[in-house]
Amino acid sequence: MKTVGVDIGGTNVRAILFDGKRILKKCSNRIEAKKGRKQVLRNIIKTIDAVITKDTRTIGMSTAGVIVDGRYLFSPNVPLANFNLKRFLEKKYKKKIVVENDANAFAWGEYLRGIGRKSRIMIGLIVGTGIGSGIIANNKIYEGTTGSAGEIGHTVIDRNGPTCSCGKKGHVEAFCSGPGIERRYQKKTGNYRFVKDIFDAKDTTSKMIVEETYELLAVGLANAVNILNPDMIILGGGVSNSLQPKRLLKKIKKYAIPGSTTKLKVVKSRLGNDAGCIGAALLPKK
Ligand SMILES: [Zn+2]
Numbered sequence: 004m005k006t007v008g009v010d011i012g013g014t015n016v017r018a019i020l021f022d023g024k025r026i027l028k029k030c031s032n033r034i035e036a037k038k039g040r041k042q043v044l045r046n047i048i049k050t051i052d053a054v055i056t057k058d059t060r061t062i063g064m065s066t067a068g069v070i071v072d073g074r075y076l077f078s079p080n081v082p083l084a085n086f087n088l089k090r091f092l093e094k095k096y097k098k099k100i101v102v103e104n105d106a107n108a109f110a111w112g113e114y115l116r117g118i119g120r121k122s123r124i125m126i127g128l129i130v131g132t133g134i135g136s137g138i139i140a141n142n143k144i145y146e147g148t149t150g151s152a153g154e155i156g157h158t159v160i161d162r163n164g165p166t167c168s169c170g171k172k173g174h175v176e177a178f179c180s181g182p183g184i185e186r187r188y189q190k191k192t193g194n195y196r197f198v199k200d201i202f203d204a205k206d207t208t209s210k211m212i213v214e215e216t217y218e219l220l221a222v223g224l225a226n227a228v229n230i231l232n233p234d235m236i237i238l239g240g241g242v243s244n245s246l247q248p249k250r251l252l253k254k255i256k257k258y259a260i261p262g263s264t265t266k267l268k269v270v271k272s273r274l275g276n277d278a279g280c281i282g283a284a285l286l287p288k289k
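With this note's numbering applied, the sequence shown closes on residue 289, and no number is skipped along the way.
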């Protein structure tokens, strides 16, 4: 069965044609979020049209934000707030459309076709411009009551901490996302440095900021680990390229209760940039 998987990011929209095992076609275009809703929708359609075939059964969409029944309640990257993407695409393509949060789609892709295949309770964590996460438990994406479960990036680690992209204070994302790390560095030194360079640098201040990043991320993850008792945490996203899974696991063990980490593994994504699209293409299986 052929399905289309689409990943709507803040910069690009990517689509694949997937036969359940292999990617048959791929296309990527700029999303052009600043040009407004019409252009964004045009770019999404252009990208889907480049890969879709007549015998495509379903289209799965992976996108940042909170989506309930296909409608965006919150859309941080593209101007689609309050827009029902599912209904729009159903009208256009007359096929089954599934719209899912991007971190959930990432976790789902890694669970079904990536490094999480043997996992039973799994956290997929995307550390990039923001921090998104999806929870897979017992062969399902754990959605919660209104579809917003698994927001580990927005758990509170310091109630007096900096303001997060969501408007609340002291969330993990405000400290440990790419911009969060750069802000902490800038506050300390007065200078801007790109997050990857902070990780690569050998000076004392950069090393301290990196150590603090591991500590703070581990606090957030230890809270999640205590609640969920997962067997695997899979790291994806730009910042995670700089993270060492073993160092992070050691820190998580420092904060979580002993019984919750005995079988815990922290690993990097296997599907890389394709995880979102593959997860999206497999969403109809949910
Ligand atoms: Zn937040």
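A virtual CB, placed ideally from N, CA and C, is assigned to each residue, including glycine.
Per DSSP, the beta-bridge partners of residue 32 are 16.
Note on residue 27: under 16 other CB atoms within 10 angstroms of its CB, so exposed under the neighbour-count rule. In this structure, residue 230 lies away from residue 212, with their beta-carbon atoms at least 7 Å apart.
Taking the CA atoms as reference points, residue 263 sits about 46 Å from residue 56. Counted as a single uninterrupted DSSP element, the stretch harbouring residue 127 is not any alpha helix (DSSP H) but the beta strand (DSSP E) occupying residues 124–130. Beyond the five residues adjoining it in sequence on each side, residue 90 comes within less than 7 Å, by CB distance, of 73 in the same chain, given in chain order.
Residue nearest to residue 122 within the set 61, 268 and 242 is 268 (criterion: CA-CA distance).
Remark: three or more beta-carbon pairs, one from each stretch, lie closer than 8 Å, so the segment 130–145 and the segment 233–243 are flagged as touching. For the pair residue 168 and residue 40, the Cα-to-Cα distance works out to about 21 Å. For ligand 1, the residues with a Cβ under 7 Å from any of its heavy atoms are, in chain order, 156, 157, 167, 168, 169, 171, 174, 176 and 177. In this model, residue 254 and residue 154 are separated by some 20 Å (Cα to Cα). For residue 211, the enclosing alpha helix (DSSP H) begins and ends at 207–231. Residue 98 is not a Cβ neighbour of residue 139, given a cutoff of 7 Å.
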